[in-house]
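Counting from 1, one number per residue, gives the positions in the sequence shown under UniProt numbering.
Think of the CB as a built atom: it goes at the ideal place given N, C-alpha and C, for glycine as much as any other residue.
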Amino acid sequence: MIASRPGWHHLGDLLAGAPRQSTALIVDRAPVTYGELDDLVGTRASGISGRVVPVTGGNTLEYVVTLLAAARAGAVVAPLDPALPEAERTRRLALLDDPAGLRDGDAMIMLTSGTTGTPKLVPWTHQSLSAGVHAVVDSYGLTAQDATVAVMPLFHGHGLVATLLATLTSRGTVLLPAAGRFSAHTFAADMAAANATWYTAVPTIHQIVARRGDPLPPLRFIRSCSAPLRPDLVSELEQRFDTQVLAAYGMTETTHQAATARLGADAQTRRNTVGVPSGLQVRIMNGEICFRGPTVMRGYLGTEPADPFADGWLRTGDLGAVDPDGNLIVTGRCKNLINRGGEKISPEHVEQVVAGCPGVLQAAVVGVPDALYGEQVTAAVVITADTDPDRIAEHCRTLLAPFEIPQRFVAVPALPQTPKGDVDRATLAVMVGEFPTRVSGPACSAG
């Protein structure tokens with residue numbers, strides 16, 4: 001691991017001491033220097049007041065300036081998705097109105113993007129945020145010579161911590177896309193305009209980039225986070241762009257990155273693990289991945305009753321293991337387990353097998369109610385037009401236990417996603433009940 005370097009300890013000081021003539025951002029193909037950004041932030045900060053300041057916007061200069069200005073003004077920043085419906089935005093603003101448990105050292109409030117129920121409020125302190133950002137910088141050896149494109153939304157931890165704050169901390173350059181978000185049509189041109197040396201995204205975007213095959217500038221590495229990355233996609237990206245793909249693992253409750261594969265890791269590690277912890281201790285408790293350390297939150301704000309800790313360890317809700325070299329292997333979600341007649345099935349494991357079948361572009365597995373077995377294993381697949389349906393079932397029969405094989409394969413035009421890029425399983429469960437079974441499933445015994 002690269003040794004930690006001196007840096008900021010309060011988000012408001014992020015730009016302090018930065019070389020004023022160096023390029024911080026590229027906006028509409030024009031450079032914005034660190035000096036210009038610092039001046040814009042200072043001017044905006046003078047007009048900001050309030051204890052908690054919600055900041056809404058896409059990947060734009062306005063959003064970046066407002067976010068940094070609110071921090072400099074001493075406010076607690078609360079990033080919000082600009083695409084929220086008005087009713088949901090109003091509800092979240094009400095939650096942010098002086099939430100219980102807020103402390104003087106808090107820098108941000110991040111709202112988890114659950115698909116149902118009330119969002120949880122996660123406090124990021126200046127200390128935990130600094131530790132989280134510097135963990136990203138140190139993990140990949142980011143320097144002033146590095147540049148990237150803001151692919152992920154800057155109102156989520158992935159884009160905010162790993163792209164924006166880590167790059168500005170290392171005094172590198174971030175290009176903000178003209179659309180204010182990722183665009184497959186302009187991504188390659190954006191990467192070239194920034195002379196990018198790396199980028200980070202969710203697997204869905206990586207797949208789009210790989211399938212398009214547009215040439216990119218020479219890259220030191222490609223980072224993936226926020227959802228499981230298939231080994232075959234790692235291989236495809238590495239072969240197409242002649243670089244290393246490094247999977248990372250994290251969550252809002254760990255100030256984004258909790259573990260990552262490192263530069264120089266062998267192919268087995270890159271394809272099958274999320275690497276080693278980033279300054280955190282990890283423990284597997286009853287199969288569940290648990291963390292403690294400087295980037296772990298202290299608990300949720302407000303009246304959230306759920307206790308995510310066990311003996312001081314944050315319970316992630318993810319299943320996993322640690323290999324002999326200390327690399328973390330994520331195998332699935334505790335709450336996603338499908339219970340078919342008493343057999344516990346990891347949908348992520350089944351998804352990996354189904355997605356490995358030729359002609360299957362994407363796959364997601366959910367449990368749907370079944371009168372006999374309690375739950376039925378159902379796979380939603382995005383497939384090519386010439387895919388042989390029988391081949392998918394046969395592929396599964398050779399790699400899965402009988403009780404793991406999906407009883408239904410449902411062809412869908414696209415998999416629904418949450419704003420963070422995860423598969424929206426709640427919506428998918430409804431979808432598979434509405435779409436006809438266009439791909440036949442195997443007859444399957446209880447096992």
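Nearest to residue i by alpha carbon, out of the options?
{"i": "A184", "options": "G157, A162, P215", "result": "P215"}
{"i": "E343", "options": "E88, T56, G374", "result": "G374"}
{"i": "G213", "options": "R51, G58, D242, R20", "result": "D242"}
{"i": "R425", "options": "I208, A227, E394, R298", "result": "A227"}
{"i": "P324", "options": "A248, L129, T269, H156", "result": "T269"}
{"i": "I410", "options": "V209, V430, A401, T169", "result": "It should be pointed out that residue 410 corresponds to Val in this sequence rather than to Ile. Checked all of V209, V430, A401, T169; the closest Cα to V410 is V430."}
{"i": "T118", "options": "A94, V136, A248", "result": "A94"}
{"i": "P217", "options": "R223, A193, R211, S49", "result": "A193"}
{"i": "A248", "options": "G74, P389, G132, S346", "result": "G132"}
{"i": "E288", "options": "A210, L102, L337, T252", "result": "L337"}
Count the other CB atoms within 10 Å of the CB of residue i; is the residue buried (16 or more) or exposed (fewer)?
{"i": "residue 450", "result": "The shown model of the chain, from 1 to 447, leaves out residue 450, and the question about it has no answer."}
{"i": "R340", "result": "buried"}
{"i": "T90", "result": "exposed"}
{"i": "G172", "result": "buried"}
{"i": "P413", "result": "exposed"}
{"i": "G159", "result": "buried"}
{"i": "T273", "result": "buried"}
{"i": "K335", "result": "exposed"}
{"i": "P402", "result": "exposed"}
{"i": "S170", "result": "buried"}
{"i": "R92", "result": "buried"}
{"i": "S49", "result": "exposed"}
{"i": "R397", "result": "exposed"}
{"i": "I222", "result": "buried"}
{"i": "R103", "result": "exposed"}
Taking 7 Å as the cut-off, is the CB of residue i close to at least one heavy atom of the ligand PLP?
{"i": "M110", "result": "In the structure on display, the ligand PLP does not appear, and there are no ligands present to speak of."}
Span of the alpha helix (DSSP H) holding residue i?
{"i": "A194", "result": "187-194"}
{"i": "P233", "result": "The question names Pro, but residue 233 is Leu in the sequence shown. Taken as a continuous stretch (DSSP letters only), the alpha helix (DSSP H) holding L233 covers 231-241."}
{"i": "T398", "result": "389-399"}
For the beta strand (DSSP E) containing residue i, name the first residue and the last one.
{"i": "R72", "result": "From DSSP, R72 is part of no beta strand (DSSP E) but of the alpha helix (DSSP H) over 61-72."}
{"i": "H256", "result": "256-260"}
{"i": "Q417", "result": "Careful: Q417 lies outside any beta strand (DSSP E) and carries neither H nor E."}
{"i": "A201", "result": "198-201"}
{"i": "Y249", "result": "244-251"}
{"i": "E375", "result": "374-383"}
{"i": "I222", "result": "221-224"}
{"i": "V52", "result": "52-56"}
{"i": "E288", "result": "288-292"}
{"i": "V41", "result": "V41 -> not in any beta strand (DSSP E); alpha helix (DSSP H) instead, spanning 34-45."}
{"i": "residue 467", "result": "This structure does not reach residue 467, given that the chain is present from 1 up to 447, and the question cannot be answered."}
{"i": "V410", "result": "408-411"}
{"i": "G317", "result": "313-322"}
Roughly how many angstroms separate the alpha carbons of residue i and residue j, rounded to a whole number?
{"i": "H10", "j": "A363", "result": "42 Å"}
{"i": "T66", "j": "T384", "result": "44 Å"}
{"i": "K120", "j": "M110", "result": "8 Å"}
{"i": "D386", "j": "R262", "result": "39 Å"}
{"i": "T43", "j": "A196", "result": "30 Å"}
{"i": "A162", "j": "G320", "result": "23 Å"}
{"i": "H126", "j": "G332", "result": "31 Å"}
{"i": "L37", "j": "V377", "result": "52 Å"}
{"i": "Q417", "j": "P406", "result": "21 Å"}
{"i": "P123", "j": "I392", "result": "45 Å"}
{"i": "R230", "j": "G47", "result": "47 Å"}
{"i": "V368", "j": "H395", "result": "22 Å"}
{"i": "A18", "j": "L168", "result": "9 Å"}
{"i": "Q239", "j": "P54", "result": "42 Å"}
{"i": "M1", "j": "Q281", "result": "The predicted position of M1 is uncertain, since its pLDDT is 37 and thus under 50; a value taken from the coordinates is nonetheless stated next. So the alpha carbons of these two residues sit roughly 15 Å apart."}
{"i": "L165", "j": "T33", "result": "15 Å"}
{"i": "A355", "j": "E404", "result": "14 Å"}
Can you give me the Cβ contacts of residue i inside the same chain, cut-off strictly under 7 Å, excluding the 5 residues immediately before and after it?
{"i": "A310", "result": "M285, C290"}
{"i": "T60", "result": "L176, G180"}
{"i": "L361", "result": "V382, I383, T384"}
{"i": "V27", "result": "L61, L176"}
{"i": "N327", "result": "T269, T273, G275, V276"}
{"i": "A188", "result": "D214, P215, L216"}
{"i": "L415", "result": "Q362, A364, A380, V382, V423, L428"}
Which residues in the same chain have their Cβ closer than 8 Å to the Cβ of residue i, if we skip the five residues on either side of it in sequence?
{"i": "L372", "result": "G341"}
{"i": "W8", "result": "L14, A16, S130, T169"}
Between residue i and the rest of its own chain, which residues show a CB-CB distance below 6 Å, the 5 nearest in sequence each way excluded?
{"i": "A265", "result": "none"}
{"i": "V296", "result": "T254, L314"}
{"i": "M108", "result": "V77, W124"}
{"i": "L68", "result": "V41"}
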